[in-house]
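This report concerns only the one structure given below.
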Amino acid sequence: MVEGLKSIDWYRLRGHDGYADDLPRLLRQARTSVEPHEELVRHLCADESAVSEATAAAWPFLLDLVAHDNTPGREWLLENLCGGIAAAAGSLPDGVHPSWPPAWEASKPALLALLDHSSATVRRGVLFVLGQGRGDSAPVLPALTRRWELETDPATRLCLVLVATEFAGRGDEAAASWLLELPVTGDEPQARLLVSAATRPDADVILRGLTGDLELFLSTGSFEMGYEEVLEHVLWLVGPKDFEGMDLVLALVDVLPWRTEALDHLRRLFERDTTDVGLVVPFVPVWAADPDVRLRAFAVWLVGVARAREYTDVVAAAVHDHAVTSLGQRVSTLATSVLLELRESPA
């Protein structure tokens, strides 16, 4: 590392916190201490909307750090610093310095070599970085195949599929073909649901995966796949295809562990665009009579956002519903507000 650091004129490179002349010292210190971690973050990825030339120059040295088992805080560096840089590069191409893409592609062999590391945490961290940074899938997919045949950790196997969906979801046909050919058994319903969502959406397969043991998603580490993130990722994958994503969301409304996420998704959708609200409005009478306050409150809100005056009587009845949602909102207060909006807005 030392000789490599000396070969770069750091004084002419700019990072996110001025010139990068301090980076060699910080990178050397990181071999033996976690103390420089915060400063490295400030220099290399403090701006989540850009990847600087200094970051591109430092990238090989960061990978050298995470490749060594004796690097203090290695997992933190991999998931937070390297993962943060890759995420910025993958999601915000306009803010990426031209030196980053070649540096990223050149680093893939080193990253892929870490897929053979004995620690599942390291393997998952590497997969997160690959899925966020993306680029050319050609060197990545064969490595995923080889690892799939060897991997025994269930969460890491799911991460392998997640990486491929990050490529496939952005139109990478090679990744979509890889997913179609992936031998996934019924014993891995979460992996099957991702393959289905990214290639040939099947509501039964997706629902089975979503209503199974979601702890596996929570164990994927840096992917941060909670209920809401899983649902958003699945809907993102199926979105461009000939598939009724709305039917899937409505089915999840009836699945108690998913109800909050499904209703929140519908709320965000209709706050942006009410084009498809007519598909959901017919459920108002059923939801308004449900024992679950989440459904009753949503039914009232839906009448308002859809301007569905045919259900004014439903909202009027809800004025006497004094139940409180988890957000502290009384159904009666919401109903009063919606009634006022319906009366004041033009028919």
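With the numbering used here applied, the sequence shown closes on residue 366, and no number is skipped along the way. Where is the CB? At the ideal position from N, CA and C, for every residue including glycine.
Taking each of W95, C101, A73, M265 in turn and checking the Cα distance to H116, the smallest one comes out for A73. In terms of Cα proximity to A216, the closest of A162, L285, L235, G188 is G188.
Sixteen is the threshold: since fewer than 16 other Cβ atoms of the shown chains lie within 10 Å of the Cβ of T204, the residue is exposed. Secondary structure of G92 (DSSP, three-state): coil.
Rounded to the nearest whole angstrom, the C-alpha separation of F302 and D283 is 16 Å.
Within the same chain, and ignoring the five residues on either side of P120 in sequence, the residues whose Cβ sits closer than 7 Å to its Cβ are G154. In the DSSP secondary-structure assignment, H35 is bridged to G37. For E363, the enclosing alpha helix (DSSP H) has its first and last residue at 350-363. T184 counts as buried, since no fewer than 16 other beta carbons sit within 10 angstroms of its beta carbon.
As the crow flies, the alpha-carbon of L256 is around 39 Å from that of D340. Given a length threshold of 4 residues, each whole run of the alpha helix (DSSP H) inside the region 89-128 is given here in chain order: 102-110. Residues of the same chain with a CB within less than 8 Å of the CB of E54, apart from the 5 flanking positions on each side, are Q48 in chain order.
Going by DSSP, L213 is part of the alpha helix (DSSP H) stretching over 208-217. The alpha-carbon separation between A132 and H87 amounts to approximately 12 Å.
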